[in-house]
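Okay, structure first, notes after.
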Amino acid sequence: MSVAAPPTHAAAQAVAATKIYGSGDTAVRALDAIDVSFEQGRFTAIMGPSGSGKSTLMHCMAGLDRVTDGQVLIGETDLSSLSERDLTLLRRDNVGFVFQAYNLIPTLNAIENIMLPMDLAGSKGDTAWIDEVVGATGLGDRLKHRPSELSGGQQQRVAVARALAGKPQVIFADEPTGNVDLNTGAEILGFIRNAVDEMGQTVVMVTHDAVAASFADRVVFLVDGKIVDELADPTPERIRAHMNQLGA
Amino acid sequence: MLRLGIKSLLAHKVRFALTASTIIIGVAFVVAAFVTADSLRSGFDELAEDINTGTDYTVRGELSFGDITEAVAPAVPADLVDDIAAVEGVEIAAGGLFVDGVIPVDGNGEAVTTFGPPTAGSNWLEDESLSQFYLIDGRWPVGVGEFAIDVTTYGDDSYDFELGGTYLVVTPTGPREFTLTGTAQFGFPENAGVGAIFSLFDTPTAQEVLGYPGEFNQIAARAEAGADIDEVRSRIEAVLPDGVEVITADDAVEEFSDATETFIGPFQTILLVFAFIVLFVSTFIISNTFNIVLGQRVRELSLLRAVGATPQQVRRSVLTESAIIGVVASVVGLGLGMLGALGLKALFNTLGASLPEGSLPLTLRTVAWAVVVGVGFTVVASLVPAIKASRITPVAGLAEGAGSDEGASLGWKRLASGGLLLAIGLVLTGLGLFADFDGATPQLSTLGAGAAITFVAVSILSPLVARSVVSLLARPLAWIMPISGRLARANAARNPRRTSATAVALTIGLALVTMVSIVGQSLKVSFVDRFASAINADFVVSVNTQAGLPKTLSSDIRAAGIGTPVGFDFDLVQIEIDGDNSQPATTVIETTLTAARISDLDAVVNLDVSQGSLEGFDPGTGLLIHSDVAADEGLAPGDSVDLTFVSGDRVTATVAATFEGTAFWSNWIIDSALYEQVATSAFDDIVLVRAAIDDPEAARAAIDGVMADYPQAQLEDRQEFQDSVESNLNTVLVLVNVFLGFALLIALVGIVNTLTLSVFERIREIGLLRAVGMTRRQMRRMIRWEAAAVALYGAVVGVVLGGMFGIATAVAIPDDIIDTVSIPAAQLVIFLVVSVVFGLIAALFPAFRASRMNVLDAIADE
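Heads up: the sequence lines are chains A and B, in that order. Letter by letter, the first sequence follows residues 1 to 248 of our numbering. Letter by letter, the second sequence follows residues 249 to 1110 of our numbering.
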C-alpha cells in the first residue's frame, strides 16, 4: 500500500503504520495501522501497558526498525524508501536518542560522547549551539570524565545532550528515567522540558510512569497496537485516570 | 555437569571450532613428525632387508674410525674371494665394487644426477641374488666399452637412453664412452633403488674404471643351506688379513638402519620442536578464550552455585569442557597429521629426495602422543580459568557489570612473579647461549626452556604496559580516522590483560622469526665479508652429488693451460697432540682435514698466514693450522702432531704455519701430495681456478671446454658462487620461517577468537553506536583497526624480544661462523607491517558479525 504523504508541519509522523512479527498462525500484530503525528517544538509522551506496542512504535518511527506496511516520515523523508545505509545516516543527522540505560560509550569521555554523532559524520556541528547544550548539562569540569566516573543523572544528562547536539528533527527517548531515582528523574525530565521550551526541540518519549509523562505537552495512549486515546496538558492524576479507564 | 559442558560447547560451535583448531594444528604437527619418520624407517628397513637377501656375509675393509660410505670404501685384495669361497660352509663368494660418483650422460648430453642418493658404479654378478642386480632388458655388458644402467633411469622420460647407443660415463678414472647393452634392477622391484642411479660393468671393467685395479671394496658370500651362520662367520674371520672385517646380513641391516637414523632422527626432532612451538602458542590462546568465555558466563555460573553446585563441580565442568575440546582436537589432528605426512613425503620427493615408497604406519606410540599432547595442552591451558571459575560466588552474577574483567587489578604481585620468571628465563637463555655444554642436546634444551620461561614471563608482565604502549602505538589511528580510529585505539587499550593474552601468540611467533632473521642475516654478512677477503680465485667448479669431482678435472684444467686449478678435498682425521709441560696428557681430536696443493694455494685463496711461512713448505709432512685452533691446542710452527686417516694410515706432520683466513676450508690443511698416499677417495669436493687468461669470457669458455667431459660439474665465477651459497642459505631460512609461520597462523586464530568474543560482549555498545548513526563500514573499520592495534602491539614486543635473542645468539656463535652481527632492519619493518595486515585479516569475520548485528537486539535486550 502506498499512500501519498499529506502536507504537514510534523517533525515525524506515521501513516497507517503496521508492524507484524512472525507469520501465519503465530503472527503478532504489534502496530495496527497507526496514524500519528508529532509536531515540531512539542514534547509528546507515548504511554500504554506492557506489550501495547509503544516501544515498537518508537523503534519504527526512529528508523531503528522498519514497518511491515504503511509509512513513517521524519520531516519530509519517507523511511521505507531508504536503504540501510541512508537510514543510518538519517539517524545520525536527523534523529536523537536517549535510552533507559547504556547510553554512553565507556571508552569515550562525556564531551566525546556528546560529540559522537558529529564525529561519525566528520562534521564540527553548530559550535554555538553545542556550547549552549553543553552548558545546559551543568557538567562543567566533569566533561572530561569517563561515564563510569559520572553519576546516573549526569550520565543521562550527557545522553540528552548528545541527542540535542546534532540539532535533530526529533529526539526519541525510551524510558529515560527508568533507571534513576525520583529526584534524578525529575532533574532529567526538567532538562528535556527545557530543551523543548528554550531550544525549540521536538521530543517523543516512551514511558509507563504517569509522573514522567506529565512533563509532556501531550500524551498518546496505545493499547494492542492501536492509538486509543490522547490527552493534552496532562497532570499525573489525569493520566492515571485515563489509564484506569483503558483498563490497563 | 558433564552435560552442561557438552551443551555449552555445542551452543558455541564457532568458538569451539576456533579453539580446537589451534590445538589441531599442533597435534597434526606431532603426528606428521612421527608418521613421516616411521614411514621412512620402515621403508629403509625393508630396503635393507631386501638388498641383503641372498647375501649372508659382507667382507670389507675396516676403517680405523668413521663410517663406511660409498665414497669412502677401502679396497680388499681380489684373491681373498677364493680364500673365502674355500671356507667350509660357504656356498659361494664373489667380489663386488660399489663406488659413488659414476655419472652417465644421456643422448642429449645431460648428466644424470641426484640430490643425495648415490650415483654409483658397480659390477654385475652371475649370481643375481648375491649382487642384487637383476637383468631386466637386453644383456649384461661384457668387456671394456659396455655398460648397463638401472631400469628406473632408463625408463625416465626426462633422459634419453637407447639400448645399443653409445654414451659418455664419468668415472673416478675420468670420462669414457660405453655402449649400453641392458637395463637392470637393484634389489626387489618395489624398491626401485630409492633414487640411486647405477652404471654397471663386468667385473674386470669395473675394477679398471672405478679405480680398484685387482681389488674389490666388498666381497659378498652366502652360506650353504643349513650351515650355522655364526660358525661360518668365525671361520671366514679366521682367513681374513688385518684391516678386513666380515659382517652378517643382520649386521648390515642394522648398520643401514643406524645410518638412515642419523638423518631421520634429527628430521623427526625438528618437526617435534615446531610442533611444540605451535602447541605452546596455542596454550595462551586457549587459556585466553576460556578466561573470556567464563567471564561472560559469570551470571550462569553464579546461578549454578546458587542452586547448589559446589566449587569443585564448577571447576570440573570447565575442565571437562576443555578435555572434550582436547579429545576432538586430537582425533582431527591425527587425521590431519596423516595427510601432512603424505604431503611432506610428496614434497621431499618433488625436491628430489626419492624416499622409499611405503605405507604411513600409525603406531600406538603416535596415537598416544596425539591424545596426550592434545588433551594435555588443552587441559593445562584451562587450569587457571577453571580455578577462577570455581571461585565465582553465588551472588557474583547480581553485581552490576558482571562479566567483564576490565580494569582488573594489575598489581605488585604480577610485577614480582613476572619479574622473577623473567630473570630465571633470561639466566637460562644466557647459560644456553654462553656456557660450555657437553653436547648439543642439553645446550639446546636449556636454551629452549629459557626462551619458553621468558615468553611466559613476558605474558605475565605485558598487561602492566599494554595500555600505555597500545595507546602510543595506535595514536596515529586517532589522527587518520577521527572516530573509528579513536574507538579502535580505546578498545585495544581498554582491557590490557585480554590484549596481552591475544597478542602474546603473535609475540612468540614474531620473536622466533626475528631471531632467525637476525642470525641468518649475520651469517650471510659474515660469510660475504669472509668470502670476499678469503677467496682470490676467478672461478669455482662445484658439484651437486655427494661423491664430488674426479681429481682428473683439476689436472685436465692444468694441462690445458687455462690457469691454476686447486682441488680441495675434505676428509675425517684423528689428530694426536702430545702434551707439553703444563698439560702432559696426549689429546686426540677427530676433525675435518682439508687437502689441497699448498704451493698453488696463494693463487686462489688468501690464507692470511700469521705465524711461520709457506716458503719451503714440505708437501710430504707439512701442516697448516688456523691460528685460533693453534692457540687452543698450544701448537706453533715447528711442533709435530700424529695424523691418523680413516684408511688407518698414520703420518707425523709438522706445523709449518698458522693462518687467519676462513671460508669453506677447515682448520687443518695438508698437501694433496700427502693426502693421495693415504686417501680413500679419488674425488675433490670443490675446485678453485685462477685463470691465466685475462678476458673472463674467454677463460670461462676455455674451462667450459674442459668441463664437457664432466657434465655433472658446474662452473661459476666468484660472484655467482657467492650468490648461490647465499641463496642456499636463504632457502633454509625461508623453510624455517614457513614452519614458524604456523605459530603466526595460531596467533591469527587467537585474534579472531578474542575479537569475536569481545564483539559479543560489547553488543550493547555496538547497538548504541549503530543507533546514533555509525555506518556498517565505520563499524567494520573500528573493529579491524582494533585488531591491527593489538597485532602491532604483539609484533613490536615480539620484534624487540626476538631482536635481543637474535643479537645474543649471533654474538654467542663462534667468530669463525659469525663475526659480524647484522640486523635486517627493512625485514623487521616488513614483519611489523605484515602483522598489522594479519590483524586486519583476523578481524574480517568479527567485523562482519558486528556490522550485521541487529541494532534492536543489541539495545532492546531486557
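Heads up, the beta-carbon is just placed ideally off N, CA and C, and yes, glycines get one too. Every value quoted in this text rests on a predicted model; they were computed, and no experiment measured them.
Going by other Cβ atoms of all chains shown within 10 Å of its Cβ, with 16 needed for buried, is residue i buried or exposed?
{"i": "THR414 (chain B)", "result": "exposed"}
{"i": "VAL982 (chain B)", "result": "exposed"}
{"i": "GLY1042 (chain B)", "result": "buried"}
{"i": "ASP348 (chain B)", "result": "buried"}
{"i": "ILE239 (chain A)", "result": "buried"}
{"i": "VAL643 (chain B)", "result": "exposed"}
{"i": "ASP1174 (chain B)", "result": "No answer is possible for residue 1174 (chain B): it lies beyond the span of chain B, which begins at 249 and ends at 1110."}
{"i": "GLY868 (chain B)", "result": "exposed"}
{"i": "ARG157 (chain A)", "result": "buried"}
{"i": "HIS9 (chain A)", "result": "exposed"}
{"i": "LEU612 (chain B)", "result": "exposed"}
{"i": "GLU112 (chain A)", "result": "buried"}
{"i": "LYS799 (chain B)", "result": "buried"}
{"i": "ALA1073 (chain B)", "result": "exposed"}
{"i": "ARG308 (chain B)", "result": "buried"}
{"i": "ALA780 (chain B)", "result": "exposed"}
{"i": "LYS54 (chain A)", "result": "buried"}
{"i": "LEU663 (chain B)", "result": "exposed"}
{"i": "VAL555 (chain B)", "result": "exposed"}
{"i": "ASN244 (chain A)", "result": "exposed"}
Hey, would you say residue i sits closer than 9 Å to residue j, going by beta carbons?
{"i": "GLY430 (chain B)", "j": "PRO389 (chain B)", "result": "yes"}
{"i": "LEU458 (chain B)", "j": "GLY585 (chain B)", "result": "no"}
{"i": "LEU872 (chain B)", "j": "TRP916 (chain B)", "result": "yes"}
{"i": "ILE340 (chain B)", "j": "ALA333 (chain B)", "result": "yes"}
{"i": "THR834 (chain B)", "j": "ALA940 (chain B)", "result": "no"}
{"i": "LEU720 (chain B)", "j": "PRO744 (chain B)", "result": "no"}
{"i": "ALA213 (chain A)", "j": "MET205 (chain A)", "result": "yes"}
{"i": "ALA634 (chain B)", "j": "GLY581 (chain B)", "result": "no"}
{"i": "ARG92 (chain A)", "j": "GLY166 (chain A)", "result": "yes"}
{"i": "LEU1101 (chain B)", "j": "ILE1031 (chain B)", "result": "Rather than Leu, the amino acid found at residue 1101 (chain B) in this sequence is Met. No, the Cβ-Cβ distance between MET1101 (chain B) and ILE1031 (chain B) is not below 9 Å."}
{"i": "LYS19 (chain A)", "j": "ASP65 (chain A)", "result": "yes"}
{"i": "ILE512 (chain B)", "j": "LEU288 (chain B)", "result": "yes"}
{"i": "VAL621 (chain B)", "j": "VAL278 (chain B)", "result": "yes"}
In whole angstroms, give me the CA-to-CA distance for residue i and residue j.
{"i": "PRO7 (chain A)", "j": "TYR21 (chain A)", "result": "Model confidence at PRO7 (chain A) stands at a pLDDT of 47, short of 50, so the residue's coordinates are unreliable; what they give is reported in the following sentence. Whole-angstrom Cα-Cα distance: 30 Å."}
{"i": "SER148 (chain A)", "j": "ILE728 (chain B)", "result": "27 Å"}
{"i": "SER377 (chain B)", "j": "ILE1061 (chain B)", "result": "51 Å"}
{"i": "VAL324 (chain B)", "j": "ALA486 (chain B)", "result": "16 Å"}
{"i": "ASP408 (chain B)", "j": "ILE810 (chain B)", "result": "32 Å"}
{"i": "GLU1013 (chain B)", "j": "GLY153 (chain A)", "result": "19 Å"}
{"i": "VAL627 (chain B)", "j": "GLN560 (chain B)", "result": "16 Å"}
{"i": "SER652 (chain B)", "j": "GLY543 (chain B)", "result": "At SER652 (chain B), the pLDDT of 48 sits below 50, so the modelled position is not reliable; the number obtained from the coordinates is stated separately. Straight-line Cα distance between these residues: approximately 6 Å."}
{"i": "ILE397 (chain B)", "j": "GLN455 (chain B)", "result": "17 Å"}
{"i": "PHE504 (chain B)", "j": "ALA285 (chain B)", "result": "15 Å"}
{"i": "PRO1094 (chain B)", "j": "VAL788 (chain B)", "result": "56 Å"}
{"i": "ALA432 (chain B)", "j": "GLY355 (chain B)", "result": "19 Å"}
{"i": "ALA468 (chain B)", "j": "GLN380 (chain B)", "result": "10 Å"}
{"i": "GLU993 (chain B)", "j": "ALA705 (chain B)", "result": "Contrary to the premise, residue 993 (chain B) reads as Leu rather than Glu in this sequence. LEU993 (chain B) and ALA705 (chain B): Cα-Cα distance of roughly 22 Å."}
{"i": "LEU222 (chain A)", "j": "VAL36 (chain A)", "result": "11 Å"}
So residue i packs on residue j, CB below 8 Å; how close in whole Å?
{"i": "ALA726 (chain B)", "j": "ARG734 (chain B)", "result": "4 Å"}
{"i": "ALA843 (chain B)", "j": "TYR923 (chain B)", "result": "4 Å"}
{"i": "ASN465 (chain B)", "j": "PRO322 (chain B)", "result": "7 Å"}
{"i": "VAL219 (chain A)", "j": "PHE38 (chain A)", "result": "At roughly 12 Å, the Cβ-Cβ gap does not stay under 8 Å, so VAL219 (chain A) and PHE38 (chain A) are not in contact."}
{"i": "ILE533 (chain B)", "j": "GLY998 (chain B)", "result": "4 Å"}
{"i": "GLU41 (chain A)", "j": "THR202 (chain A)", "result": "Per the sequence presented here, residue 41 (chain A) reads as Gly, with Glu not at that position. At roughly 6 Å, the Cβ-Cβ gap stays under 8 Å, so GLY41 (chain A) and THR202 (chain A) are in contact."}
{"i": "THR303 (chain B)", "j": "ARG470 (chain B)", "result": "6 Å"}
{"i": "VAL1047 (chain B)", "j": "PHE1079 (chain B)", "result": "6 Å"}
In chain order, each beta strand (DSSP E) run of at least 3 residues that lies wholly inside the region 470-500 of chain B:
Counting only runs of 3 or more, we get 492-496.
Contained alpha helix (DSSP H) runs [length at least 4] in the region 333-411 of chain B, N- to C-terminal order
Fully enclosed alpha helix (DSSP H) runs of 4 or longer: 376-379 and 399-403.
Beta strand (DSSP E) runs contained entirely in the region 611-639 of chain B, provided each spans 3 or more residues:
none
Which runs of the beta strand (DSSP E) spanning at least 3 residues fall entirely within the region 543-595 of chain B, listed in chain order?
none
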